[in-house]
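Numbering (my numbering), first residue to last: 18 to 214.
All C-beta atoms, glycine included, are put in the ideal place defined by N, C-alpha and C.
Have a look at the structure below before the remarks.
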Ligand code: SF4
Ligand code: URA
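In structure tokens, the structure reads:
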């Protein structure tokens, strides 16, 4: 049987060649995503920023360093999770992806979710939350809460970059990550119980 790692590699190879939406023309490097192919927890952001576009890796700029510190607080390492975005190529000037761009890129994300079969998916910011949950609820109302769909717990969160611009967001993000520690630990334990952790 073809492994999750092989499927993820295949998706990454397709993404690197992709010109399905206009973002493909402006990129230096596509950013397919990275992490453990057996990760029970997935993080989905908005789209690559400048550093991500330069390096071809997700969350490696200032927002990424902040995400690393949040993961640490939640008892997680990058190696235990899988990190990607709703669009795999950088939107010009870091603008939000358009709904058409997110829709064009969606099959790659769906393929990654299907390969990983994560127990928990953290949605970083409003665009990821809207794309995956189809909700327009304010982040203020829904952050840190788990919404179960198809056996997966989706957790909307503030985007780590928001904390770098707004001093009020950091403590809310930190509190959510600390409160979610048991949920994350259960997901890791359950995956190990299946012998694929
Ligand atoms: Fe293809 Fe997604 Fe890049 Fe658009 S953002 S070119 S759909 S990989
Ligand atoms: N912001 C995102 O949404 N994704 C990244 O990969 C980096 C910054």
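In the structure shown, the three-state DSSP call for residue 175 is coil.
Taking a cut-off of 8 Å for Cβ pairs, the stretch 86-94 and the stretch 32-42 do not touch, as fewer than three such pairs fall below it.
Under a 10 Å Cβ-count criterion, residue 131 is classified as exposed, with fewer than 16 other Cβ atoms of the shown protein chains found around its own Cβ.
Three or more beta-carbon pairs drawn from the stretch 163-182 and the stretch 140-151 are found closer than 8 Å, and the two stretches are therefore classed as touching.
With a minimum length of 3 residues, the unbroken runs of beta strand (DSSP E) contained wholly in the stretch 44-86 fall at 58-62.
Below 8 Å, enough C-beta pairs join the stretch 92-111 and the stretch 38-46 to call them touching: three or more. Here DSSP, grouped into helix, strand and coil, assigns residue 139 to strand. Cβ neighbours of residue 96 within its own chain (closer than 8 Å, five residues either side excluded): 52 and 53. Of the other Cβ atoms in all chains shown, fewer than 16 fall within 10 Å of the Cβ of residue 18; this residue is therefore exposed.
For residue 194, same chain residues with a beta-carbon under 6 Å away, outside a window of 5 residues either side, are 87, 90 and 91 in chain order. With respect to residue 73, residue 46 sits close: the two C-beta atoms are nearer than 8 Å. Residue 129 holds the alpha-carbon nearest to the alpha-carbon of residue 23 among 101, 129 and 150. Residue side-chain check: residue 102 places its Cβ nearer than 7 Å to a non-hydrogen atom of the ligand URA.
With a threshold of 7 Å, the Cβ atom of residue 40 counts as near the ligand SF4, since some heavy atom of the ligand is closer than that.
At a Cβ-Cβ threshold of 8 Å, residue 66 and residue 142 do not count as neighbours. Around the beta carbon of residue 55, 16 or more other beta carbons lie within 10 angstroms, which makes this residue buried.
Under the three-state reduction of DSSP output, residue 113 falls in the coil class, being neither helix nor strand. With a cutoff of 8 Å on beta-carbon distance, residue 75 and residue 50 are scored as near each other.
Here the alpha carbons of residue 20 and residue 201 stand approximately 23 Å from one another. Nearest C-alpha to residue 44 among 28, 60 and 64: 64.
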